[in-house]
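See below for the structure under consideration.
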Amino acid sequence: MVVGCSPSINAGIALALAAEGARLVCVDIEPEFTKACAEAIRRDGGEAIAVEADVTNESEVEAAVQRACNDYGGVDVLVNGAVIQIRCGLLDITVQEFRKQMDVILVGTYLFTRHVARAMIAKAHGGSIINIVSTEGHQGNPGNIGYGTAKGGLLNFTRAAAMELAPHGIRVNSLTPTATDPAEGEQRAAQWKLRWTAVQAGQRPGYTQGDKGVPLGRRPRPSDYGHAAVFLASEDAAMITGIDLRVDGGAIARYWRWNPGVRELK
């Protein structure tokens, strides 16, 4: 079950899981996203169903999980990727804007994890839960406080849930993407005939653009995250729980004064 099916990061993960033989339940509040993702998987010879749900509405979350159980007999892997980003700083963001990001990112993850975990426990076959974080959950980014705070909260939610669910054989990990190369998502949106554009940070003083600042020389693609999610979901990661797997080209690890890709100032 992949929650959040926009053409970029989450679709890259869904398609990677399907390529390994997973049957997908594609969940999104936007019906065109979930339908397009499921149709793309079926066109490639896989199995997928589309489910529309608001991650902040518990009855809709329960219904989505029940649909997965009815159609596929349960959920083995859950990817929590639903997100909303309202770029606004501490002094300007409204309480409503701040709470909305907490509701979608944190409450949505809590609700799906809670109900999927219950279904996994009922089947007594374990499972894997993967929460999508962000480099902004690890670092302070001026002007985006609600998003970064919610993503940071996911890191400890992951650790706490991992400890609670370990006795049931359910592994809980997080995956940290960073600023993502938009080309793959834009190409997918065009193929799916969807209106979608990558989130743009805009030109801001003191900020690099594009691939600058990434030690490995380029921003990751959604398919890079897909490979990592497949690993975390697989038996190859059977003894991995409560960790954060960063797929960021080295962005978090780099020393703050070193700016790869930026010419030395004279």
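If you're matching positions, the sequence shown starts at 3 in the working numbering and goes up one per residue.
Each residue gets a CB set at the ideal place from its N, CA and C atoms; glycine is no exception.
Item, Value
"State buried or exposed for V165, treating a residue as buried only when at least 16 other CB atoms are found within 10 Å of its CB.", "According to the sequence as given, residue 165 is Met; it is not Val. Looking at its Cβ environment, which holds fewer than 16 other Cβ atoms inside 10 Å, M165 is exposed."
"Between the Cα of E99 and those of H140, G148 and G75, spot the shortest distance and give me the residue it belongs to.", "G148"
"Starting from A50, follow its DSSP beta bridges and name the residues at the other end.", "L26"
"Since E41 and R25 should fall inside the 8 angstroms C-beta cutoff, what is the C-beta to C-beta distance between them, to a whole number of angstroms?", "At roughly 15 angstroms, the Cβ-Cβ gap does not stay under 8 angstroms, so E41 and R25 are not in contact."
"Tell me, to the nearest whole angstrom, how far the beta carbon of R277 is from that of G251; I am working on the premise that it is less than 8 angstroms.", "Not covered by the structure: residue 277. The range shown for the chain is 3 to 268."
"So, do the segment 49-69 and the segment 111-127 have three or more beta carbon pairs nearer to each other than 8 angstroms?", "yes"
"Could you please give the first and the last residue of the uninterrupted beta strand (DSSP E) stretch that includes I132?", "G129 to I134"
"By Cβ distance, which residues of its chain are closer than 7 angstroms to P144, with the 5 residues on each side in sequence left out?", "G91"
"Using three-state DSSP, classify S236 as helix, strand or coil.", "coil"
"In terms of DSSP beta bridges, what is V81 paired with?", "V4 and I132"
"Look up T178 in the DSSP assignment and say whether it is helix, strand or coil.", "strand"
"Report yes if the CB atom of G84 is closer than 7 angstroms to the CB atom of V27, and no otherwise.", "Checking the sequence, you will find Ala at residue 84 rather than Gly. Result no, Cβ atoms of A84 and V27 do not sit closer than 7 angstroms."
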